[in-house]
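Below is one structure, written out as structure tokens, with a few remarks after it.
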């Protein structure tokens with residue numbers, strides 16, 4: 001079975017979490033934990049139950065579980081303070097809080113970009129899903145600038161909307177000159193500053209724009 005959330009696909013047949021650029025690196029136990037949380041979504045599973053399911057008949061320190069949660073969050077680019085996928089129920093356990101669907105196929109329509117970010121001469125087409133913005137080589141939107149954090153912000157895209165959130169970055173994310181402190185809806189033509197880097201958001205697919213149609217190879 002394949003379950004899709006954001007830009008990721010959890011494939012139980014191959015026991016991997018996939019993204020457009022390839023498979024995530026997760027240890028076997030971290031994969032098992034993520035698979036359990038996704039399968040039981042949105043139920044909160046207690047730490048005791050998770051430990052019993054991951055390490056049956058074996059005593060392990062609670063730190064092992066929290067370390068796996070940190071590994072999963074790091075791989076997904078998730079934030080403990082403003083989670084998109086893994087939520088902490090303080091003093092109790094964890095839950096998968098993202099929107100997830102069973103993937104029946106990989107039709108071209110599902111992969112088609114519905115919007116894009118423009119940075120100077122660079123364009124970043126974005127399909128529906130979650131897109132991390134930052135300096136890391138493996139993020140969806142890579143802005144190689146000193147004022148941009150490794151994992152700076154995230155765009156959550158649907159066919160009809162887009163939401164921008166900051167990851168607590170050092171130099172901030174700004175939408176229409178206002179610092180983004182909570183998730184904010186953005187629209188076609190909105191100007192965004194990622195640190196000092198100015199990007200423009202567009203909702204129409206670049207594949208249907210006049211400029212793109214005029215490009216020949």
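Numbering (my numbering), first residue to last: 1 to 217.
We treat Cβ as the ideally placed atom computed from N, Cα and C, and that holds for glycine.
What you are looking at is a predicted structure, and each value in this text was computed from that prediction instead of being measured.
Mind listing, in chain order, the continuous beta strand (DSSP E) runs of no fewer than 3 residues lying wholly within the region 125-195? 129-134, 153-157, 162-166, 173-175 and 191-194
Assuming contact is defined by CB atoms lying nearer than 8 Å, are residue 89 and residue 44 in contact in what I supplied? Position 89 of the chain shown, counting from 1, holds the residue named residue 89. Position 44 of the chain shown, counting from 1, holds the residue named residue 44. Yes. Within cutoff.
I want to check one thing, is the minimum distance from the CB of residue 145 to the heavy atoms of the ligand FAD below 7 Å? Because no ligand of any kind appears in the structure shown, any question about the ligand FAD cannot be addressed here.
Just to confirm my understanding: we take residue 5, look at its own chain, exclude 5 residues before and 5 after, and list those with CB closer than 6 Å. What are they? Numbered from its first residue, the chain shown carries residue 5 at position 5. Closer than 6 Å at Cβ, skipping near neighbours: 98 and 100.
For the beta strand (DSSP E) that contains residue 10, what are its first and last residues? Here the question's residue 10 lines up with position 10 in the chain shown. From DSSP, the beta strand (DSSP E) with residue 10 extends over 8-11.
Exposed or buried, residue 152, counting other C-beta atoms within 10 Å across all chains shown (16 or more means buried)? On the chain shown, position 152 is the one that residue 152 refers to. The residue is buried, with at least 16 neighbouring Cβ atoms inside 10 Å.
Alpha carbon of residue 113 to alpha carbon of residue 158, nearest angstrom: Along the chain shown, read from residue 1 onward, the residue named residue 113 stands at position 113. Along the chain shown, read from residue 1 onward, the residue named residue 158 stands at position 158. Each residue's Cα considered, the two are about 10 Å apart.
Pick out whichever of 174, 132, 87 and 203 has its Cα sitting closest to the Cα of residue 19. Residue 19 sits at position 19 when you count from the first residue of the chain shown. It is 132.
Quick one: measure Cβ to Cβ for residue 46 and residue 92, integer angstroms, because I've assumed they're closer than 8 Å. By 1-based counting over the chain shown, the position of residue 46 is 46. By 1-based counting over the chain shown, the position of residue 92 is 92. Cβ atoms of residue 46 and residue 92 come within 8 Å of each other, at about 6 Å.
If we ignore side chains and look at the alpha-carbon of each, how far apart do residue 79 and residue 187 end up? Walking along the chain shown from the start, residue 79 turns up at place 79. Walking along the chain shown from the start, residue 187 turns up at place 187. Their backbone Cα atoms lie some 24 Å apart in a straight line.
Start-to-end residues for the alpha helix (DSSP H) that takes in residue 53: Stepping through the chain shown from its first residue, residue 53 is reached at position 53. Per DSSP, residue 53 belongs to the alpha helix (DSSP H) from 47-54.
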